[in-house]
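Just add 5 to the spot in the sequence shown (first one is 1) and you have mature numbering (1 follows the signal peptide of the UniProt record, and there is no 0). Where a beta carbon is used, it is the ideal one built from N, C-alpha and C, also for glycine. What follows is one structure encoded as structure tokens, with my remarks underneath.
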Amino acid sequence: GITRHYKFNIRMQNVTRLCQTKSIITVNGKFPGPRIIAREGDRLVIKVVNHVSNNITIHWHGIRQLRSGWADGPAYITQCPIQTGQSYVYNFTIIGQTGTLWYHAHVSWIRSTLYGPIIILPRRNTSYPFVKPYKEVPIIFGEWWNSDTEAVINQALQTGAGPNNSDAYTINGLPGPLYNNCSSPMETFRLKVKPGKTYLLRLINAALNDELFFKIRNHTFTIVDADASYVKPFETDTIYITPGQTSNVLFKTKTLTSNAKFVMAARPYSTNAAGTFDNSTVAGVLEYMSTDSMSSSSINASIKGLPLPTLPVINATSYVANWTNKFRSLGSSQFPVNVPQTVQNRYYFAVGLGTDPCPKNQTCQGPINGTKFAASVNNISFTLPTTALLQARYFGKSNGVFTTDFPTTPLNPFNYTGTAPNNTMVSHGTKVVMLPYNTTVELVMQGTSIFGFENHPLHLHGFNFYVVGQGTGNFNSATDPTSFNLVDPVERNTVGVPSGGWVAVRFRADNPGLWFMHCHIEIHLSWGLRMAWAVMDGKLPNQKLPPPPSDLPQC
Ligand code: C2O
């Protein structure tokens with residue numbers, strides 16, 4: 006591979022959406038951020054300079070970061086934030102991954118406007134294991150707030166209530182024509198295509214708090230990859246994608262000759278259809294190119310007259326369960342499946358929401374009167390330290406920063422399919438799980454379905470895991486493992502843990518460092534649904550984490 010250099014100037018930029026102009030945090034003034042394009046095997050050297058008043062870090066979501074944990078990016082896990090006026094060079098090599106990943110800020114809710122695609126092409130002189138696409142198009146879903154998202158999360162944490170819903174979903178930063186009359190024609194995503202061609206759509210869900218369904222009217226997709234790993238291709242007309250997930254899909258256009266137009270649309274999935282849930286729809290338009298190309302001003306009116314694609318209902322739980330089942334690793338000789346067949350470290354994590362008490366002299370608006378919302382893994386709500394865990398561990402200064410007594414099974418198990426237990430209070434701590442180098446891990450994650458009945462898209466840094474099983478109800482360690490798929494399970498970095506159900510994953514701890522794992526629904530992350538794995542060095546020099554770069558930010 007070659008080395009590719011990028012410079013990310015983090016700066017404010019005025020952007021107008023939904024009739025309001027707002028100053029947002031961007032990379033180089035662009036929203037969404039610029040594309041990173043590389044080939045498998047390339048080294049990326051990305052200098053990030055912070056010109057804004059907020060602390061910044063950037064995470065290269067899904068990049069394995071083999072022995073380059075200093076470049077992973079989550080604030081207070083692998084690095085201290087880049088402070089105003091400071092810079093940091095992220096330096097890493099893409100090893101064994103081809104497809105679409107993405108980058109986003111990884112401190113507070115800055116990622117609401119700071120995100121962009123990472124496009125990883127096959128090595129030179131190698132090709133995709135599918136038909137060569139005519140063109141490739143990134144499609145990034147997001148969420149837009151008219152107000153400042155730092156104020157939104159700060160207020161939610163203060164009051165203990167859920168955060169304000171976003172004002173719009175977006176496709177490539179654009180809300181589209183369905184958000185009252187406020188979105189101008191310039192705010193609609195237009196996918197212009199030629200008839201009879203195969204396109205590769207690179208889908209990314211960068212939304213903060215919502216899993217999404219996506220559809221283009223009268224068209225179908227062929228899924229060919231998930232989280233930058235190839236899968237056995239399958240056809241679908243509706244895509245389900247959680248925050249953090251990416252997917253490459255082939256999209257074959259019809260052999261039309263007219264200048265036909267079809268609406269594309271995305272809106273959320275939630276097992277909890279009730280309450281104040283945001284069920285709005287973002288739309289864009291698929292335009293078959295013709296000579297009388299339509300002006301921006303007439304496009305909105307024309308889309309509004311077109312029928313929407315029929316998306317599943319918001320709580321289409323069985324659709325989602327079947328969807329997850331359809332994913333299988335490609336498993337060819339060129340792309341083998343390396344799922345661990347034996348397990349050395351076994352964990353059972355209950356993931357879900359809970360409560361914190363309300364501080365004295367304050368009124369709180371949490372789920373039960375007088376509480377605040379919280380979230381936990383095995384009832385531990387993870388407290389972010391004030392220095393970076395990886396630094397503390399590398400320099401032998403872990404004392405007082407984190408402890409290694411993370412529970413391997415739930416402390417107070419209950420029936421996760423039924424009603425919440427009487428006591429929903431969480432405990433707090435900065436606890437990590439220690440993993441010896443190159444040992445194998447099986448992790449079963451159980452959705453507790455306390456409050457809200459939401460899915461939890463769990464994301465693991467530093468690894469891909471194999472999704473070997475999933476099911477409804479309480480995980481049964483005697484019977485459920487007999488049906489695990491140890492042949493061709495899908496390899497991903499983010500998987501939805503169903504509410505009142507479970508998912509089982511396996512991975513090999515072959516990457517020394519400190520690795521964050523968390524729910525990629527941003528409000529759940531903020532509430533504490535996060536933890537970390539400390540993977541020890543191996544004995545050989547090439548099994549150890551190298552020392553940090555000299556410009557690593559200090560706290
Ligand atoms: Cu995309 Cu820790 O996140």
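- Between the segment 243 to 263 and the segment 181 to 191 there are fewer than three inter-stretch CB-CB distances shorter than 8 Å, so the stretches are not counted as touching.
- H529: not part of any beta strand (DSSP E); member of the alpha helix (DSSP H) spanning E527 to W532, first to last residue.
- DSSP places M17 in the strand class (E or B) of the three-state scheme.
- By the beta-carbon neighbour count (other beta carbons within 10 angstroms, threshold 16), P79 is buried.
- For C524, the pairing in a beta bridge is given by DSSP as L463.
- Distances from the CB of H466 to the heavy atoms of the ligand C2O include at least one below 8 Å.
- Judged by their CB atoms, P364 and M430 are not nearer to each other than the 9 Å cut-off.
- For the segment 153 to 193, the full-length beta strand (DSSP E) segments reaching 3 residues or more read 173 to 176 along the chain.
- Spatial neighbours of Q370 in its own chain (CB-CB distance under 7 Å, excluding positions within 5 residues in sequence) are listed in chain order as T164, G165 and A166.
- Assigned with DSSP and collapsed to three states, Y81 falls in coil, not helix or strand.
- Runs of the beta strand (DSSP E) lying entirely within the segment 207 to 278, each at least 3 residues long, are 216 to 221, 226 to 231, 234 to 241, 244 to 246, 251 to 257 and 266 to 274 in chain order.
- Scanning I30, Y95 and S188 for the CA closest to the CA of C24 turns up S188.
- For R398, there is no enclosing beta strand (DSSP E); the residue is found in the alpha helix (DSSP H) stretching over L394 to Y399.
- Excluding the 5 residues flanking it on each side, P462 has same chain C-beta neighbours closer than 6 Å at T247, P248, G249, T499, G501 and H525, in chain order.
- Burial of M450 is indicated by the presence of at least 16 other C-beta atoms within 10 angstroms of its C-beta.
- Excluding sequence positions up to five before and after W328, its CB lies within less than 6 Å of the CB of Y245, all in the same chain and listed in chain order.
- Looking at the DSSP output, F419 shares a beta bridge with no other residue.
- For the pair A355 and T414, the Cα-to-Cα distance works out to about 8 Å.
- Under the three-state reduction of DSSP output, V356 falls in the strand class.
- Note on A233: 16 or more other CB atoms within 10 angstroms of its CB, so buried under the neighbour-count rule.
- No residue range can be given for N481, since it is assigned to no alpha helix (DSSP H) and is classified by DSSP as neither H nor E.
- Closest by C-alpha distance to W532, out of T203, I7, G434 and V492, is G434.
- The DSSP-derived three-state label of A321 is coil.
- Taking 8 Å as the cut-off, the C-beta of H111 counts as close to a heavy atom of the ligand C2O.
- Rounded to the nearest angstrom, the gap between the Cα atoms of I228 and R207 is 10 Å.
- Distance from the C-beta of P390 to the nearest heavy atom of the ligand C2O is not below 8 Å.
- For I30, the enclosing beta strand (DSSP E) starts and ends at Q25 to V32.
- Taking the Cα positions, T62 is about 39 Å away from P486.
- Straight through space, the alpha carbons of V406 and Q84 are spaced by roughly 14 Å.
- Put simply, of G518, S403, I87 and P426 the residue whose alpha carbon is nearest the alpha carbon of N55 is I87.
- The three-state secondary structure of G101, taken from DSSP, is coil.
- Of the candidates A288, L530, G505 and T258, L530 places its Cα closest to the Cα of L162.
- The beta carbon of Q559 sits closer than 7 Å to the beta carbons of C85 from its chain, once the five residues preceding and following it are set aside; these are given in chain order.
- Closest by C-alpha distance to G457, out of F419, G505, T444 and T484, is G505.
- Taking a C-beta distance under 9 Å as the contact criterion, E141 and Y204 qualify as a contact pair.
- In the DSSP secondary-structure assignment, N350 is bridged to V446.
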